[in-house]
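I have placed the structure first, in the form of structure tokens, so that the comments after it can refer back to it.
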Amino acid sequence: MMQLEAFAHGKVGRGVEGRFKYMLTLTHFNVSVAEEDDQVIGMITASLRPTLWHAGPVVLIDELVVDQTARGKGVGKALIEAIVEWAKKRGASEIEVSTEKDNEAAQAFYQSHGFKHESVLLEMEFHR
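All residue numbers for the sequence shown refer to my numbering, where the first residue is 444 and numbers rise by one.
So this is what it looks like as structure tokens:
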């Protein structure tokens, strides 16, 4: 857990450990990690949710983070494949993911793995 916290610190925000422990208790949440030499080099989190308009539940990739030194080595691809398998086993009808609108590298990565531009995501943030 501490290793994952250290890996994620600065990548997905502070105070990750408490939220992460809670999320691991949820049946509709998944986290997969990639390791090299007993070090976390990547992680992906996803959640499963029902919808009215899809034939099955929808999986949302919440975070995908790969250490800078491990990029281009298939780590992200392996993490995506892990979530695809998890989604299929749960009868999901699709997987959704969002990125910052100017993150062209992430968009190209997802498109190279079968994702398509299908919708626009709008956000309303609540600052705590």
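Every residue, glycine too, gets a C-beta built ideally from N, C-alpha and C.
Source: prediction; values computed, not measured.
Can you tell which of the options has its C-alpha closest to the C-alpha of residue i?
{"i": "residue 524", "options": "507, 513, 511 and 512", "result": "507"}
{"i": "residue 565", "options": "559, 571 and 540", "result": "540"}
{"i": "residue 537", "options": "462, 552, 481 and 492", "result": "492"}
{"i": "residue 497", "options": "530, 535, 482 and 545", "result": "535"}
{"i": "residue 517", "options": "553, 462 and 467", "result": "553"}
{"i": "residue 560", "options": "544, 530 and 527", "result": "544"}
{"i": "residue 463", "options": "484, 505 and 494", "result": "505"}
{"i": "residue 390", "options": "569, 460, 549 and 527", "result": "Outside the modelled stretch of the chain, which goes from 444 to 571, sits residue 390, for which no answer is possible."}
{"i": "residue 483", "options": "562, 567, 542 and 514", "result": "514"}
Whose C-beta lies closer than 6 Å to the C-beta of residue i among residues of the same chain, with five residues either side of it excluded?
{"i": "residue 468", "result": "none"}
{"i": "residue 473", "result": "489 and 529"}
{"i": "residue 486", "result": "476 and 508"}
{"i": "residue 466", "result": "472"}
{"i": "residue 574", "result": "Residue 574 lies beyond the range of the chain shown here (444 to 571); nothing can be said about it."}
Check whether the Cβ atoms of residue i and residue j lie closer than 9 Å to each other.
{"i": "residue 556", "j": "residue 532", "result": "no"}
Less than 7 Å between C-beta atoms, sequence neighbours within five positions excluded: which residues of the same chain meet that for residue i?
{"i": "residue 499", "result": "534, 535 and 536"}
Would you say residue i reaches chain B, if we count a Cβ-Cβ gap shorter than 9 Å as a contact?
{"i": "residue 488", "result": "Structure shown: chain B not included; a single protein chain is present."}
Does any heavy atom of the ligand SAM sit closer than 8 Å to the C-beta of residue i?
{"i": "residue 549", "result": "For the ligand SAM, the structure offers nothing, since it holds no ligand at all."}
In chain order, what residues of the same chain have a beta carbon less than 8 Å from the beta carbon of residue i, not counting five sequence neighbours either side?
{"i": "residue 563", "result": "none"}
Inside the region 473-516 only - beta strand (DSSP E) runs reaching at least 3 residues:
482-492 and 501-509
Take every Cβ of the region 460-479, pair it with every Cβ of the region 507-518, and state whether three or more of those distances are shorter than 8 Å.
yes
Those runs of the beta strand (DSSP E) which lie wholly inside the region 531-560 and span at least 3 residues:
537-540
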